[in-house]
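Q: Numbering (this note's numbering), first residue to last: 55 to 199.
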Amino acid sequence: MTGINHKRLWHHATNADHAQVTITFVGGKQATFVHSDLAAARRPKYYVLGTSGAIVADWDPRAEPAVADLPAILTLHLPEAPSTTVELQNIEPYEFHRELSAYLHAGTPMQVSTAQSRDVVAVMEAAESSASSGSKPVTPKLLTR
Numbered sequence: 055m056t057g058i059n060h061k062r063l064w065h066h067a068t069n070a071d072h073a074q075v076t077i078t079f080v081g082g083k084q085a086t087f088v089h090s091d092l093a094a095a096r097r098p099k100y101y102v103l104g105t106s107g108a109i110v111a112d113w114d115p116r117a118e119p120a121v122a123d124l125p126a127i128l129t130l131h132l133p134e135a136p137s138t139t140v141e142l143q144n145i146e147p148y149e150f151h152r153e154l155s156a157y158l159h160a161g162t163p164m165q166v167s168t169a170q171s172r173d174v175v176a177v178m179e180a181a182e183s184s185a186s187s188g189s190k191p192v193t194p195k196l197l198t199r
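1. In the structure shown, what three-state DSSP assignment does S184 receive?
2. Report the option in A108, F79, W64 whose CA atom is closest to the CA atom of L92.
3. By how many angstroms is the C-alpha of H159 removed from the C-alpha of G82?
4. Counting along the chain, where does the beta strand (DSSP E) carrying Y100 start and finish?
5. Quick test of your reading: Q84 and I58, contact by CB under 8 Å. State the CB separation rounded to the nearest angstrom.
6. Let me know if L197 comes out buried or exposed under the rule of 16 or more other beta-carbons within 10 Å of its beta-carbon.
7. Quick check: what's the CA-CA separation for R96 versus L124?
8. Roughly how many angstroms lie between the CA atoms of P115 and V102, to the nearest whole one?
9. Have a look at the DSSP bridge pairing and note the partners of L132.
10. Report all residues from its chain with a CB closer than 6 Å to the CB of S183; omit the five preceding and five following residues, and keep chain order.
11. Please classify T56: is it buried, with 16 or more other beta-carbons within 10 angstroms of its beta-carbon, or exposed?
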C-alpha cells in the first residue's frame, strides 16, 4: 500500500490537509481512499465502484455542519435496476460504550473484535509510514487474514 499526505492550509493542526491511500491486493485489485479538507466541494463519504454495481455513501445533510455525526445515506446502483437507498441497522446512541462495558464486566463479545480494530490501525500506520517515506510501498502487519 502507498500513502500521500499534503499539508497546505491548516498549519495549526497536526493532521494532513489532504491524504490519499492506495491498497493493492493480491491479484491486482485496488482500493483507494481519499480524505481532503482542501476540496471546495464535499465528495461522497465513501463509495465502492465495481464492474457489476456500486455503493455510494453520501453525507447526511441533516447533520450540517457536523456531517460526520450521522451515518451516511447508502445508495445501491445496479446496471439492470433503478438505484435504491439501503436501510441501515438502527444502532442506539453509545452502543459502543455499552458493548465495551459488557465485554469488560462479563466477557460478552463485541460486534467488532480487538483484532479487527488492531488491523485497521495497522493499515493506517502503514499508510502514514508510506507517506512519510515519499510514497514507498509498505505492507501492513495484520493479525487477521
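Note that CB positions come from ideal geometry on N, CA and C, so glycine has one too. In this text the structure is predicted, and so the values were computed from the model without any measurement.
A: The relevant details are as follows:
1. Assigned with DSSP and collapsed to three states, S184 falls in helix.
2. Ranking A108, F79, W64 by Cα distance to L92 puts W64 first.
3. Taking the Cα positions, G82 is about 44 Å away from H159.
4. Unbroken beta strand (DSSP E) run through Y100: 100-104.
5. Rounded, the Cβ-Cβ distance is 15 Å, inconsistent with contact.
6. Classification for L197: exposed.
7. Cα to Cα, the separation comes out at about 15 Å.
8. Distance between the alpha carbons of P115 and V102: 21 Å.
9. In the DSSP output, where bridge partners are listed per residue, L132 has A135.
10. Cβ neighbours of S183 beyond the five flanking positions: V192.
11. Around the C-beta of T56, 16 or more other C-beta atoms lie within 10 Å, and the residue is accordingly described as buried.
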